[in-house]
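Top to bottom, those sequences are chains W and R. Using my numbering, you'd call the opening residue of the first sequence number 51 and step up by one each time. Using my numbering, you'd call the opening residue of the second sequence number 51 and step up by one each time.
There are 2 protein chains.
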Amino acid sequence: MEIKTYLIEQRQVVEDALLRLTPEATGPFARHIEAMRYSLFVGGKRIRPILCLAAGAAISESAESRSNLLPVACALECIHTYSLIHDDLPAMDDDALRRGKPTNHMLFGEAGAILAGDSLLTWAFDLLTNPEQSSLSAAQQLAITHIIARASGPLGMAGGQSLDIACENKVFPFETLQTIHRSKTGALITCAVQAGAIGAGASAQQTEDLVHYGNQIGLAFQIVDDLLNATSSTTELGKAAGSDAVHGKATYPAYFGIEGTRARAHDAVEAAKTALKGFDEKAEPLRMLADYIYTRTS
Amino acid sequence: MEIKTYLIEQRQVVEDALLRLTPEATGPFARHIEAMRYSLFVGGKRIRPILCLAAGAAISESAESRSNLLPVACALECIHTYSLIHDDLPAMDDDALRRGKPTNHMLFGEAGAILAGDSLLTWAFDLLTNPEQSSLSAAQQLAITHIIARASGPLGMAGGQSLDIACENKVFPFETLQTIHRSKTGALITCAVQAGAIGAGASAQQTEDLVHYGNQIGLAFQIVDDLLNATSSTTELGKAAGSDAVHGKATYPAYFGIEGTRARAHDAVEAAKTALKGFDEKAEPLRMLADYIYTRTS
Chain W
51 MEIKTYLIEQ RQVVEDALLR LTPEATGPFA RHIEAMRYSL FVGGKRIRPI LCLAAGAAIS
111 ESAESRSNLL PVACALECIH TYSLIHDDLP AMDDDALRRG KPTNHMLFGE AGAILAGDSL
171 LTWAFDLLTN PEQSSLSAAQ QLAITHIIAR ASGPLGMAGG QSLDIACENK VFPFETLQTI
231 HRSKTGALIT CAVQAGAIGA GASAQQTEDL VHYGNQIGLA FQIVDDLLNA TSSTTELGKA
291 AGSDAVHGKA TYPAYFGIEG TRARAHDAVE AAKTALKGFD EKAEPLRMLA DYIYTRTS
Chain R
51 MEIKTYLIEQ RQVVEDALLR LTPEATGPFA RHIEAMRYSL FVGGKRIRPI LCLAAGAAIS
111 ESAESRSNLL PVACALECIH TYSLIHDDLP AMDDDALRRG KPTNHMLFGE AGAILAGDSL
171 LTWAFDLLTN PEQSSLSAAQ QLAITHIIAR ASGPLGMAGG QSLDIACENK VFPFETLQTI
231 HRSKTGALIT CAVQAGAIGA GASAQQTEDL VHYGNQIGLA FQIVDDLLNA TSSTTELGKA
291 AGSDAVHGKA TYPAYFGIEG TRARAHDAVE AAKTALKGFD EKAEPLRMLA DYIYTRTS
């Protein structure tokens, strides 16, 4: 199967599940839930949920395993979406466009957007711990929820975002950039893969290999994000291009130039694929996804 | 034991646990963690964690049960604190004072405060699902985490806050005020009690009684909050008194007057104590807490 067809199919799977597993915009909180759903369904590559499902499928292709991972995949997308809503706020990156559409606060106001983000984050944990959505053991659900909480919080994504903001317009060592990337973007991508592994019953060795794969594609993903921000147009990206430079953010191109940065992304993708050498053809989607992350244009 | 002594002792227990179970403000995210810790340790009645521990103690006074509930109690306080930080933001209630001290965004900026809230919320779920902090079964931990997520998210606290904001300066039926109170304040208080019950191994009947108790004191708590906001000074409250009127918020006194409101709070407290009639002297702290909620002055 081609990566394009695969991504279209998988996005549909994720979006069908998101529709089913998000509260409906009715009742007293209708407007609030509408704000959550707006950002959740405004588009997006669905990379984290797809990685989670692909990691699970690399271990087991059973329908039960796949179905068990759908709430996990949706929770990851809820957390990613919450982080975008809060990052776009006037007090943070102050972006008016995201995925070619108005950002959440442009439509629902700042208070509405803050609360929509809060609720998407909280709903992720509701989904992850819902005993009715899954035949996973309580121990598996708990383990998955814990790694996702750790990856998203003060020692992961939220910590990384705060460090990113604190470093705007400042000169800092490359190690700090690595810390920002690893925590702000890498942690959730790695844990998407790890959660898929745990949910599909991977062995300790398989989980370790998949975590290594996740670390490398998380790195590649962020490097390519930096590249695209530096080299694409706003129309191509669907969000403000060149905004890193405007915000005085240090990025890979600032340290290594465009070509040096491209080489590093390529190395990370190759390392990711090498981590999968013990896996059979069920891991083919993960290999294709690694290549896609390198070649994507938005 | 007198309620005053009891509360001082219990607050110390909660604060010792919070100190132990919150990340230290060191490393690359030190400033971010400092913002979390500032609001967490700036004071507060610690009502939700104390209710959780008291509900557990009404079932079992064993040291193990108590120790198992400490991370749950801390998680509840993290969620409560996150909600205060976000409620105080300029885009929401725009409050400069909380517990007699500057609000989070006054010290750490809006972006810092939004992220500190996000991380406190996420850290709550990290604590709740940490297998090392507890000898509870995975099923118990999962059940507790799920009710807390449900009570805090779009169908609970965050939904209630968004409805509260949407209703500012509007005339709406008393049923809407009840929905706001039940979701914004009541849900987390009830689930604090319910979580304590589950963690201590309560029977279905005991849990049902404790949930009924929780519903009634949640109601009493919010009614008394409305009363205090209408009748106290800013110095007494440690936050802006009369702010409900300023924000055009409908409250119990607006519907029932001061005396009518007081009577309703009293009725709720009596109903809460009645719900405990099947419990022995281990539930005495819960009974005292019900009275305290009615008589508190801040």
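Note that beta-carbon positions come from the ideal geometry of N, C-alpha and C, so glycine has one too.
(message) Contact between the region 134-150 of chain W and the region 116-123 of chain W is defined here as three or more beta-carbon pairs at a separation below 8 Å; is this criterion met?
(response) Segments in contact, no.
(message) List, from N- to C-terminal side, the alpha helix (DSSP H) runs of 4 residues or more that fit wholly inside the region 126-177 of chain W.
(response) With a minimum length of 4 residues, no continuous alpha helix (DSSP H) run stays inside the region 126-177 of chain W.
(message) For chain R, check one thing: does any of its Cβ atoms lie closer than 8 Å to the Cβ of His297/W?
(response) For His297/W, the answer is no, since every Cβ of chain R falls outside 8 Å of its Cβ.
(message) At the 8 Å Cβ level, is Ala141/R part of the contact set with chain W, yes or no?
(response) Residue-level contact by beta carbon holds for Ala141/R and chain W, with a gap shorter than 8 Å.
(request) Pull up the distance between the alpha-carbon of Asn118/R and that of Arg346/W, whole angstroms please. (result) The C-alpha of Asn118/R lies about 47 Å from the C-alpha of Arg346/W.
(message) Beta-carbon within less than 7 Å of Gly328/R's beta-carbon, same chain only, minus the 5 sequence neighbours each way: which residues are those?
(response) Within the same chain, Asp259 come within 7 Å of Gly328/R by CB-CB distance, once the 5 residues on both sides are set aside.
(message) Considering only their Cβ atoms, is the gap separating Gln255/R from Ala247/R smaller than 8 Å?
(response) For Ala247/R and Gln255/R, no; Cβs fall outside 8 Å.
(request) Just the chain R side, please: which residues come within less than 9 Å of Leu126/W by C-beta, in chain order? (result) Listed along chain R is no residue with a C-beta nearer than 9 Å to that of Leu126/W; the closest approach is about 13 Å.
(request) Could you tell me the distance, in whole angstroms, from the CA atom of Thr99/R to the CA atom of Asp176/R? (result) The sequence shown places Pro at residue 99/R, not Thr. Spanning the two alpha carbons is a distance of roughly 16 Å.
(request) Please list the residues of the region 235-249 of chain W that have a C-beta atom closer than 9 Å to any C-beta atom in chain R, keeping them in chain order. (result) Listed in sequence order: no entries.
(message) Judging by CA-CA distance, which residue of Arg116/R, Leu213/R and Ile267/R is the nearest neighbour of Ser185/R?
(response) With distances taken between Cα atoms, Ser185/R lies closest to Arg116/R.
(message) Could you tell me the alpha carbon to alpha carbon distance between Met207/W and Tyr342/R, rounded to whole angstroms?
(response) If I take the Cα positions, the gap works out to 40 Å.
(request) Put Lys323/R into one of helix, strand or coil per three-state DSSP. (result) Judged by DSSP in its simplified three-state form, Lys323/R adopts helix.
(request) Starting from Val63/R, follow the alpha helix (DSSP H) in both directions and report where the run begins and ends. (result) Val63/R -> alpha helix (DSSP H) spans Ile53 to Leu71.
(request) Show which residues of chain W have a CB atom less than 7 Å away from the CB atom of Gln211/R. (result) In chain order: Leu165.
(request) Establish whether the CB of Ala340/W and some CB of chain R are separated by less than 8 Å. (result) Output row for Ala340/W: interface = no.
(request) Enumerate in chain order the residues of its own chain whose CB-to-CB distance from Pro335/R is below 7 Å, with the five nearest sequence positions on each side excluded. (result) Residues Tyr56, Ala104 and Ala107 of the same chain have their beta carbon placed closer than 7 Å to that of Pro335/R, with the five preceding and five following residues left out of the count.
(request) Give the interface partners of Asp176/W over in chain R, defined as CB-CB distance under 7 Å, in chain order. (result) Simply His196, Ala199, Arg200 and Gly203.
(request) May I ask which residues mark the beginning and end of the alpha helix (DSSP H) holding Cys102/W? (result) Cys102/W -> alpha helix (DSSP H) spans Ile97 to Ile109.
(message) Would Ile83/W pass as an interface residue toward chain R - the criterion being a Cβ-Cβ separation below 8 Å?
(response) In terms of beta-carbon proximity, Ile83/W lines the interface with chain R, with at least one pair separated by less than 8 Å.
(message) Check whether the region 228-237 of chain W and the region 82-92 of chain W are in contact - that is, three or more C-beta pairs closer than 8 Å.
(response) Counting Cβ pairs under 8 Å, fewer than three are found: no touch.
(request) Would you kindly report the start and end of the unbroken alpha helix (DSSP H) that includes Pro204/R? (result) It is not in any alpha helix (DSSP H) - Pro204/R carries neither H nor E in the DSSP assignment.
(message) Quick test of the definition: if touching needs 3 or more C-beta pairs under 8 Å, does the region 128-148 of chain W touch the region 257-277 of chain W?
(response) Not touching, per the Cβ criterion.
(message) Rounded to whole angstroms, what is the Cα-Cα separation between Glu111/W and His130/R?
(response) Taking the straight line joining both Cα atoms gives about 41 Å.
(request) Just confirm the distance between the C-beta atoms of Ser348/R and Leu278/R, as a whole number of angstroms; I'd bet it's less than 8 Å. (result) Rounded to the nearest angstrom, the Cβ distance from Ser348/R to Leu278/R is 7 Å, consistent with a contact under 8 Å.
(message) If you reduce the DSSP assignment to three classes, tell me which class Asn180/R lands in.
(response) Looking at Asn180/R - three-state DSSP - the assignment turns out to be coil, as it is neither helix nor strand.
(message) Using the three-state DSSP reduction, which class does Cys217/W fall into: helix, strand or coil?
(response) Coil.
(request) Taking Ala313/W as the reference, give the member of Lys299/W, Ala333/W, Ala325/W and Leu269/W with the closest Cα. (result) If we check each option's Cα against that of Ala313/W, Leu269/W comes out closest.
(request) Please say whether Pro78/W and Leu213/R have beta carbons closer to each other than 8 Å? (result) In this structure, Leu213/R places its C-beta atom within 8 Å of the C-beta atom of Pro78/W.
(message) List, in chain order, every chain R residue whose beta-carbon is nearer than 9 Å to that of Asp145/W.
(response) What Asp145/W touches in chain R: nothing, since even the nearest Cβ is about 13 Å away.
(message) Among the candidates Ala188/R, Ala321/R and Pro223/R, whose CA atom is the shortest distance from the CA of Lys299/R?
(response) Ranking the options by Cα distance to Lys299/R, first place goes to Pro223/R.
(request) Could you name the residues of chain W that Ile215/R contacts, counting a contact when the two beta carbons are closer than 7 Å? (result) Neighbours of Ile215/R in chain W, taken as residues whose beta carbon is under 7 Å from its own, are Ala161 in chain order.
(message) For the region 218-237 of chain R, list every residue whose C-beta sits within 8 Å of some C-beta in chain W, in sequence order.
(response) Residues Thr226, Thr229 and Ser233.
(request) Compare the C-alpha of Thr301/R against each of Glu59/R, Thr76/R, Pro204/R and Val221/R and name the closest. (result) Of the residues Glu59/R, Thr76/R, Pro204/R and Val221/R, the one whose Cα lies closest to the Cα of Thr301/R is Val221/R.
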